[in-house]
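Below you'll find the structure, written out as structure tokens, and then a few comments.
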Amino acid sequence: MADTLLAILLVTTSAKEANLVYQWPANPESLPRLSRPHPEHTSSLIQFDNVWRASNYGDAAEPSELRPRTQISESEYAWKRTQSVRDRSSSMTRSSSHPPSGRSSPTQDLDSTTTEDGYSALFGYSSSFLAGLLCPQRSMCHQKCELLVDDLAFIGHPVCDDTDGKWRFRPENSGVGARGRETRSPVSDTEESPDRVAQQNAPSNSTWLQTFNFVIVLDLPHPSSSTSGNYLKYIEIVYEQITFMMTAVLFQEQVLHNFVEEECDTLGSLKDSCMAKGEPFSNFMTQALEVSSIAPAMKALYEAIKSSSMAYVTINNIPLELQVPPFLDQILYSEDDDLHQPEDEEWQSWGPGMAFGWKLPALAPWKSVLLLDDSLNLRTPHVDGDDHNLIEGLVKFMEIAAVTLSLADMATLLDWDLESQLFPTVRWLVQHRRAKVVDIVHTGLKTLFILPPKLPAPVRQLSEDFQREFAQQPVSSLPEILSAISTSSGTHFFDVVVQSKALIPSYQNVISWMLKRDLLVTLHLRVRIVATKELKLRVKHRIEKARAKKANKGRSKLFQEVDTDYSSSGMTWLSLSPKAAHAYSRRHTSTESERSRAEVDDQEELEEEEQEWDSGWDTNDDDLTSSIIKDPSRATPLQRQWLSAMSEGKDALIAKRFDHINQYFDGKRTDDEILYRAEISRKQLRQLLHHYDEYLQTFLHPS
């Protein structure tokens, strides 16, 4: 949003007119539009049909000549807003200035056109004209308002008084607004308090204010630009995080204390005074910061959004913390819109409010948390009243939080439930930018790090900050540390930088300092299972041997049954009477039928077993070359035979452990996740990797 935010406005309407009460900055300007390049006509080598000429290069060259073009000013090809290039004196009708209160007051004509434009125009339009557009009729208030004018997007939530001129809280039931959208009231998310009920019975005494709208103005990307991605989602997040929150507080204070009208009276009187004295518009903007509380709040909010930081503002002694997701602008890029998060439960644990524009690592039990702020700052007045219930738990959490402990370990030490207590605490800290989720750092600093592709600041500036922080510590300089990490190959931080156990406490602070500034990227061990050629041949020979044994056993059984039938016939056919011969024939036919059915059943059973043996033995597996088992947790029967054959000759305890955890050797799970899910120690994992080294492929990769 730092790239698209143009201005923040507060507009009002009275019975007489609409007014732009205050804006920040003083003279906002929209970004220049894209312009298409024109071909150079000074060279005879450039033709409009170069593609056709290249495809017919072998043909006889045809004479060509450039036709002279009428000299046209390039400025006429540039995209311009309709009124921005015209004299405002002729395009706008100036009327006498009125204060936001709607009370008429005479003003003097100013000598400077520029000075008057600062008071009466914005983005090339009349201020009263924009204010009228942004304060709609009463039926369109108390809901989201999106207004697109040329390349500008105005996002607001206009609110108004009741028909009797009194400001009251609206009922908490939500209706259906325009285009089927739900009508959302700024106070619909909070429970009614006794003070609010009493205030509804005694509404504020407003003398002229009918409607006000707190508006965010954004630059609308050009449709042909690469930054014209999911702009609707972009606007929705800005509305929910900034516009709606500010409007809710302003509406509450207007109902309870007539705050907005009093602020508008103050700013209106100041504007009239500055215009009467002929002072420039910049003087009014500066003086407004001293006499009003809305003006400095708008300025602080604008600067915080532009710097992608948290905005700490105060509205009538009510502290607020407002922010937009730090990577919200990435939504505008179609190729990296950050809209589709993984469906794993570790990602979903962040909740829908932090699903877009945050680029957060998975909130998982094997992760750790790095505190960016201390517990003292939690007692500042900027902590919301609803969050005071968390303060005691947060202070207790911060006392034991360390990057050397996993979130699961912290939950155990605090005797907290991981899902219902610890995760909400971490979410609160991350959302308020007081902590960040990181990977666990080994207590002995035996963790592998690499440098990020791009440093967040110049090395000189980082080195100066590092020197001020660790001037009294026996540690190397920041350039030396960065050089040692960048030149190391698969060596952990202790061997590369520390090299002494006595320096571990000092370098733990160094690592925390570097992680806060995104100067380190943690590498994790990942494991894949490789079915070697020798293993496949051994399993195949064993399968073929089992098949042959099964077939021989079936044939031997069949021959035995035939011999038994012939030997059991103890009478001669000729000695039988006709009746006895007929009975014997029927009994013999029945025996042959049963034997035939048994043979069919045996054959079907053999075919089913062969089919089971053959499942998975196709395309990639029948070439008998080494291959990777992509997903051991969903291994085919043949792949299970390979996994079983890998444990032949191994210790029974090691083989049992391998059979239990090989499902995590898919190359996607980190070593920390494997240790947590398998409930084994790092030493046991190293022992397992050593025994199955010939069948495992290990590699290092960031999380």
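If you count by mature numbering (1 follows the signal peptide of the UniProt record, and there is no 0), then the sequence shown holds residues -18 to -1, 1 to 685, one letter each, in order.
Quick reminder that beta carbons are idealized off the backbone N, C-alpha and C, glycines included.
Predicted model only: the values in this text are computed from it and were never measured.
- prompt: Arg510 by DSSP, collapsed to three states: which one?
  reply: strand
Through-space distance from Cys117 to Lys62, alpha-carbon basis: Residue placement at Lys62 cannot be trusted, given a pLDDT of 48 that sits under 50; what the coordinates show is reported in the next sentence. When rounded, the distance between both Cα atoms is 26 Å.
Going by the DSSP bridge assignment, what does residue 693 pair with across the sheet?
Residue 693 lies beyond the range of the chain shown here (-18 to 685); nothing can be said about it.
(message) Do Leu310 and Gly339 count as a contact pair if the criterion is CB distance below 8 Å?
(response) yes
- prompt: In terms of alpha-carbon separation, which member of Arg510, Leu129 and Gln192 lies closest to Ser608?
  reply: Measuring from the Cα of Ser608, the nearest candidate turns out to be Arg510.
Practice problem: Return the first residue and the last residue of the alpha helix (DSSP H) that Pro487 is part of. | Solution: Run containing Pro487: Ile486 to Lys498, per the alpha helix (DSSP H) assignment.
Can you list, in chain order, the residues of its chain with a C-beta nearer than 6 Å to that of Thr386? Leave out the 5 residues immediately preceding and following it.
Here the set comprises Val423 and Thr425.
For Gln119, count neighbouring Cβ atoms within 10 angstroms of its own Cβ and tell me buried if that reaches 16, exposed if not.
Gln119 should be labelled exposed.
**Asked** What three-state label does DSSP hand Ala453 in the structure shown?
**Response** coil
Does Pro347 pass the burial test, meaning 16 or more other C-beta atoms within 10 Å, or should it be called exposed? buried
Assuming Val419 contacts Pro307 under a Cβ cut-off of 8 Å, what Cβ separation, rounded to an integer in Å, is found between them? So it is not a contact: roughly 15 Å between Cβ atoms.
- Message: Considering only their Cβ atoms, is the gap separating Glu303 from His414 smaller than 8 Å?
- Response: yes
Measure the alpha-carbon distance for Arg85 versus Ala(-4) and round it to whole angstroms.
With a pLDDT of 40 at Arg85, under the threshold of 50, the modelled position of that residue is not reliable, and the figure given next carries that caveat. One C-alpha to the other measures close to 10 Å.
Cα-Cα separation, Leu(-9) to Val242: 10 Å
Taking all protein chains shown into account, do 16 or more other C-beta atoms lie within 10 angstroms of the C-beta of residue 688, making it buried, or fewer, making it exposed?
Any property of residue 688 remains undetermined from this structure, which presents the chain solely from -18 to 685.
Determine contact between the region 124 to 142 and the region 105 to 116, defined as no fewer than three beta-carbon pairs at a distance below 8 Å.
yes
>> Looking at Phe194: is its Cβ nearer than 8 Å to the Cβ of Val141?
In response: yes
Practice prompt. Please say whether Leu519 and Leu606 have beta carbons closer to each other than 8 Å?
Written response: yes
Pairwise C-alpha distance: Lys436 and Met496: 14 Å
| request: Along the alpha helix (DSSP H) that carries His672, what are the first and last residues, could you check? | output: Arg664 to His673
What are the start and end residues of the alpha helix (DSSP H) that includes Glu303? Note, Glu303: premise wrong, no alpha helix (DSSP H); beta strand (DSSP E) at Ile300 to Leu304.
Open item on the list: Once the 5 residues before and after Ile656 are set aside, which same chain residues still bring their CB inside 6 Å of it?
Closed with: Tyr646
**Request:** Compare the beta carbon distance of Cys256 and Thr(-7) with 8 Å and say whether it is the shorter of the two.
**Result:** Contact flag unset, no.
Exercise for the section: Determine the direct distance from the alpha carbon of Phe405 to that of Leu395, and round the result to whole angstroms. Expected result: 14 Å
- Item | Buried or exposed (CB count within 10 angstroms, at least 16 for buried), Asn644 | buried
Discussion item. Quick check on DSSP: helix, strand or coil for Gly333?
Written reply: coil
Practice task
List in chain order: all unbroken alpha helix (DSSP H) runs of 4+ residues lying wholly within the region 183 to 253.
Solution key: 213 to 220 and 226 to 239
Cβ of Tyr4 within 8 Å of Cβ of Leu400? At least 8 Å separates the beta-carbon of Tyr4 from that of Leu400.
- Message: Within 10 Å of its beta-carbon, does Ala(-12) have 16 or more other beta-carbons around it, so buried, or fewer, so exposed?
- Response: It counts as buried.
**Message:** Rounding to the nearest angstrom, what Cα-Cα distance links His642 and Thr652 in this structure?
**Reply:** 16 Å
Rounded straight-line distance, which links the Cα of Ala466 to that of Pro456:
17 Å
Discussion item. Quick check on Ile422: does DSSP put it in helix, strand or coil?
Written reply: Note: Ile422 maps to coil in three-state DSSP.
Query raised in the report: Hey, would you say Val408 sits closer than 8 Å to Leu353, going by beta carbons?
Result: Their beta carbons are not under 8 Å apart, which means Val408 does not touch Leu353 by this criterion.
**Study point:** Closest by C-alpha distance to His673, when choosing among Asp633, His683 and Tyr658
**Key:** With respect to the C-alpha of His673, the residue from Asp633, His683 and Tyr658 having the closest C-alpha is Asp633.
Exercise. Are at least three pairs of beta-carbons, each pair with one atom in the region 493 to 508 and one in the region 428 to 442, less than 8 Å apart?
Worked result: Short answer: they touch.
Given this structure, state the Cα-to-Cα distance separating Asp447 from Lys341, to the nearest angstrom. Near 26 Å, if we compare the C-alpha coordinates of Lys341 and Asp447.
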